[in-house]
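Residue numbers (full-length UniProt numbering), protein chains in the order written: chain R, 1 to 241; chain P, 1 to 241.
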């Protein structure tokens, strides 16, 4: 938060409010990470109870979004934050939108886990899907960590790992379509897998968005809609190579 | 905007800035509507040039998002808006996130139009997909209109129409999967259609989000993550019957 402000009771309360928001975003992030983790475990193991729990818990994620948005509005109205504090509040408003949508995608994976639990399981027990899930979970964890530590370098690194996620996704997608063509009886199952990996791929995109807000927060630069190389240059001030 | 403020040079400039933001959101909305419209026309007619234009123009949509976000940050920093003005700025920050993602989905439809243009066309020329596209375009138009006129009643009506969009989507989805099972040679085409209708269905969701921000803006109530009946009651203060 701003280091240049004077102390005093009023400002202490202000700092406390910003700190409370920060902690609540991290709690929301922790819940969302748990949702992803449970959803992919349920998919890999066919654990129906765990999948149902994920579906149930999505409303908790939604509750966080509404509550944190309300806190941000109050801070804006009461304290008129400026400079880096204002960027912090804006970054939070955007981050929790992505976190909430990551929660929706985790719920979607859990719903596909429920569908797949009723069907014959392939020999590999969806190991490739689980591995993609672990990759995107690591991205979300990394993005939250970069946010907590305001670590631009880590944010850039996490954003870069989205490329590997997209590659994994494309590879499972191609394979699923091949299976469908070879044996139309697998179409229904392959479609469930496709929706699950699509949801996981979207989680990677949202994690990348969160990394862009970290750069905005720390550097004051809007780095959306640019290439990864441009992002790295804007964030770290060096040409990647 | 706030009606209770005193006049004067400073506040006139403030009002002008809020009005400029409002107009820019509507311009962004107009561009996004055009993108959806062109994408579904391209898909229905197989017009490759038009589809390519949509893909190209997505960066204009992105540019609007970045520019409006910047204007909002400046207004927050310079004028410390309160009450309904603050809600307006927050509603804009959220609305343009959805508009930008609608733009992404329109681009996705255009990319599927490019894929489908190379393949045999079905007898109905994708009339069902085009009709779904027209429905979601009407939703986006209605949501922008409700925003421009701060019309809560219209916002509720548009949100309600998302149900019909979801039904259309489910119906085309079931049919596509049936076609795939009956004739695996149609799998590749059916998958393109599925990605296109999925993108259109997501546009409907984003339009519904925009309607929720209109209710927040006008009524100061957060109506996300609740049922349509609860939304109507919160927005219009009456039990739907």
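C-beta atoms are modelled at their ideal positions from N, C-alpha and C, and glycine is treated no differently.
Chain-ordered neighbours of residue i on chain P, where CB pairs are closer than 9 Å
i: residue 71/R; result: In chain order: nothing, as chain P lies at least about 12 Å away.
i: residue 86/R; result: 73, 76, 77
Close beta carbons around residue i, own chain, < 8 Å, minus the five adjacent residues each side
i: residue 97/P; result: 65
i: residue 231/P; result: 156, 159, 212, 215, 223
i: residue 193/R; result: 112, 116, 126, 129, 172, 176
i: residue 10/R; result: none
i: residue 141/R; result: 33
Residue i in three-state terms, based on DSSP
i: residue 121/P; result: coil
i: residue 226/P; result: coil
i: residue 216/P; result: helix
i: residue 81/R; result: coil
i: residue 128/R; result: helix
i: residue 46/R; result: coil
i: residue 13/R; result: helix
i: residue 221/P; result: coil
i: residue 150/P; result: coil
i: residue 58/R; result: helix
i: residue 237/R; result: coil
i: residue 159/R; result: helix
i: residue 192/P; result: helix
i: residue 98/R; result: helix
i: residue 205/R; result: helix
i: residue 183/P; result: coil
Interface residues of chain R facing residue i [CB-CB closer than 8 Å]
i: residue 93/P; result: 90, 93, 94
i: residue 82/P; result: 77
Proximity test, Cβ basis, 8 Å: residue i and chain R
i: residue 225/P; result: yes
i: residue 177/P; result: yes
i: residue 41/P; result: no
i: residue 222/P; result: yes
i: residue 243/P; result: The displayed coordinates of chain P run from 1 to 241. Any statement about residue 243/P would go beyond what the structure contains.
i: residue 231/P; result: no
Same chain, Cβ closer than 7 Å to residue i, neighbours up to 5 away in sequence not counted
i: residue 38/P; result: 50, 53, 54
i: residue 95/R; result: 25, 147, 210, 213
i: residue 93/P; result: 69, 72
i: residue 186/P; result: 179, 180
i: residue 57/P; result: 35
i: residue 101/P; result: 206
i: residue 110/P; result: 39, 42, 51, 54, 55
i: residue 221/R; result: 215, 234
C-beta neighbour in chain P for residue i, strict 8 Å
i: residue 157/R; result: no
i: residue 187/R; result: yes
i: residue 139/R; result: no
i: residue 191/R; result: yes
i: residue 122/R; result: no
i: residue 25/R; result: no
i: residue 13/R; result: no
i: residue 115/R; result: no
Residues of its chain near residue i, where Cβ-Cβ distance is below 6 Å and the 5 sequence neighbours each way are ignored
i: residue 162/P; result: 204, 208
i: residue 133/R; result: 40, 200
i: residue 242/R; result: Nothing about residue 242/R can be read from this structure; chain R reaches only from 1 to 241.
i: residue 143/P; result: 158, 207, 210, 211
i: residue 182/R; result: none
i: residue 218/R; result: 150, 152
Under 7 Å by beta carbon: chain P residues contacting residue i
i: residue 181/R; result: 184, 187
Under 9 Å from the C-beta of residue i: neighbouring residues of chain R
i: residue 62/P; result: 224, 225
Chain P contact residues for residue i, given Cβ-Cβ distances below 8 Å
i: residue 66/R; result: 222, 224, 225
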